[in-house]
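Asker:
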Amino acid sequence: MVPSASTPRRRVVLELRDVPRRHPRAFLVVFAAAWLTLYRSLLPLSTALVDRLPVAKDGHLAESLRFFFYDTPKVLLLLTGVVLAMGIVNTYFTAARTRALLAGRREGVGNVLAATLGVVTPFCSCSAVPLFIGFVQAGVPLGVTFSFLVSAPMVNEVALAMLFAMFGFRVAALYLALGLSIAILSGWIIGRLRLEHLLEAWVRDMPKVQATADGERPSFAERLDAGFASVREIVGKVWPYVLVGIAVGAGIHGYVPTELVAGIMGRSAWWTVPIAVMIGVPMYSNAAGIIPVVSALLSKGAALGTALAFMMSVVALSLPEVVILRKVLRPKLIAVFVGVVAAGIVIVGAVFNAVL
26 MVPSASTPRR RVVLELRDVP RRHPRAFLVV FAAAWLTLYR SLLPLSTALV
76 DRLPVAKDGH LAESLRFFFY DTPKVLLLLT GVVLAMGIVN TYFTAARTRA
126 LLAGRREGVG NVLAATLGVV TPFCSCSAVP LFIGFVQAGV PLGVTFSFLV
176 SAPMVNEVAL AMLFAMFGFR VAALYLALGL SIAILSGWII GRLRLEHLLE
226 AWVRDMPKVQ ATADGERPSF AERLDAGFAS VREIVGKVWP YVLVGIAVGA
276 GIHGYVPTEL VAGIMGRSAW WTVPIAVMIG VPMYSNAAGI IPVVSALLSK
326 GAALGTALAF MMSVVALSLP EVVILRKVLR PKLIAVFVGV VAAGIVIVGA
376 VFNAVL
């Protein structure tokens, strides 16, 4: 039997696909070098593309197209890099390990640790109820649990990657510090109010269990594989939101007058931050969809505190999370949770508008 001509080629393809498992660190170095080369070429490539289109170079459409063709690949590239890194980090913080780390922690130190773990753990609003139940069963205090629930959706790798891509390190670091502060203080306040009686009865009556960390330690190749799985899952899920958000932002950037946005969302009026939060709380979007819009609003004169307050209220207090939490919390506790977090966001936004 004569071997097929495609057999050696197929063998080479299979060997290349197996490189990340056999040489994970070398593969990661090559991947990082290719990623950096592509990232540095985005600006000249996007400028050259718009220059070749049959549009007026100084017109509104050209401005919108430059915004779209540069920011779309930039955000997706940064999103891929950060999600890959955080996917590897997440292998060290499974749900069981997170419960074990928080179990028995006192309020104060526990709030800080819970909010910090929320940044590096891959949990979203869809997993709010099982996480909440697991924390209660493990004996994690109610206020500490809420610090985690506020931090995890608001200060996650998607938000930080996109903020860094569109605003730079300073704004991303500010958002990280503000998000952690709100999560810590909100959880601490809820803990001080002693609202455990507002849990649903079946949650309060659950038997307590001892939280233990997982015993298995994956290899680096398995951690790298988990990182790329996170990229496929998260980037594959949010890229449509990125495109829509950047398209809306491009329209605002090219066509909406600066004076209009500055008059509505500028720092001159005290009421802009509360109104932004009131509008943002009932909305539902993730960071991928809302950040490009915030970027365009800032470029048109919106105040930084107002824009960040709007974004935080949309991301941290999503309507689906409130609906899901109703399974384990009574309406009064949900109202306290939303009110405390929203008040913290308003205060932070107002302070930033006054100081910056």
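To convert, count from 1 in the sequence shown and add 25; that's our numbering.
Even for Gly, the Cβ is constructed at its ideal location relative to N, Cα and C.
#1: Pull up the distance between the alpha-carbon of residue 347 and that of residue 171, whole angstroms please.
#2: So which of 136, 113, 175, 308 has the shortest CA-CA distance to residue 244?
#3: Alpha helix (DSSP H) containing residue 357: first to last residue?
#4: So who's on the other strand from residue 224, going by DSSP bridges?
#5: Taking the C-alpha atoms as reference points, what is the distance between residue 367 and residue 200?
#6: Less than 8 angstroms between the CB atoms is what I'm expecting for residue 336 and residue 316, so what's the real figure, rounded?
#7: Would DSSP call residue 72 helix, strand or coil?
#8: Once DSSP output is grouped into helix, strand and coil, what is the label at residue 26?
#9: So, using beta-carbon positions, are residue 328 and residue 297 closer together than 8 angstroms?
#10: May I have the straight-line CA-CA distance separating residue 188 from residue 140, to the nearest angstrom?
#11: Hey, residue 221 and residue 167 are a contact pair by Cβ (cut 8 angstroms); roughly how many whole angstroms apart?
#12: Rounded to whole angstroms, what is the Cα-Cα separation between residue 117 and residue 227?
#13: Under three-state DSSP, which class holds residue 213?
#14: Verify whether the separation of the beta carbon atoms of residue 271 and residue 365 is less than 8 angstroms.
#15: Which runs of the alpha helix (DSSP H), 4 residues or longer, sit entirely within the region 151 to 178?
#16: Can you give the Cα-Cα distance for residue 274 and residue 318, rounded to whole angstroms?
#17: Report the three-state DSSP secondary structure of residue 115 (helix, strand or coil).
#18: By Cβ distance below 7 angstroms, which residues in the same chain neighbour residue 132 in space, the five residues on each side in sequence not counted?
#19: If you draw a straight line from the C-alpha of residue 281 to the C-alpha of residue 179, how long is it?
#20: Rounded to whole angstroms, how far is the Cβ of residue 377 from the Cβ of residue 333, which I believe are closer than 8 angstroms?
#21: Specify, as a first and last residue, the run of the alpha helix (DSSP H) that residue 258 falls within.
#22: Give me the Cβ distance between residue 186 and residue 107, rounded to the nearest whole Å; I'm assuming they're in contact under 8 angstroms.
#23: DSSP state of residue 85, grouped into three classes?
#24: Taking the alpha carbon of residue 269 as the reference point, which residue from 94, 87, 56 has its own alpha carbon closest?
#25: Return helix, strand or coil for residue 325, following the three-state DSSP convention.
#26: Quick check: the Cα distance between residue 375 and residue 65, rounded to an integer number of angstroms?
#27: In its own chain, which residues sit with a C-beta less than 6 angstroms from the C-beta of residue 373, not counting the 5 before and 5 after it?
Answerer: Reading from the atomic positions:
#1: 13 angstroms
#2: 113
#3: 356 to 380
#4: 354
#5: 15 angstroms
#6: 7 angstroms
#7: helix
#8: Because residue 26 sits at a pLDDT of 47, beneath the cut-off of 50, its placement in the model cannot be relied upon, and the point is left open.
#9: yes
#10: 19 angstroms
#11: 5 angstroms
#12: 31 angstroms
#13: helix
#14: no
#15: 153 to 162
#16: 4 angstroms
#17: helix
#18: 166, 168, 169, 213, 216
#19: 28 angstroms
#20: 7 angstroms
#21: Neither: residue 258 is in no alpha helix (DSSP H) and is coded neither H nor E.
#22: 4 angstroms
#23: helix
#24: 94
#25: coil
#26: 36 angstroms
#27: 203
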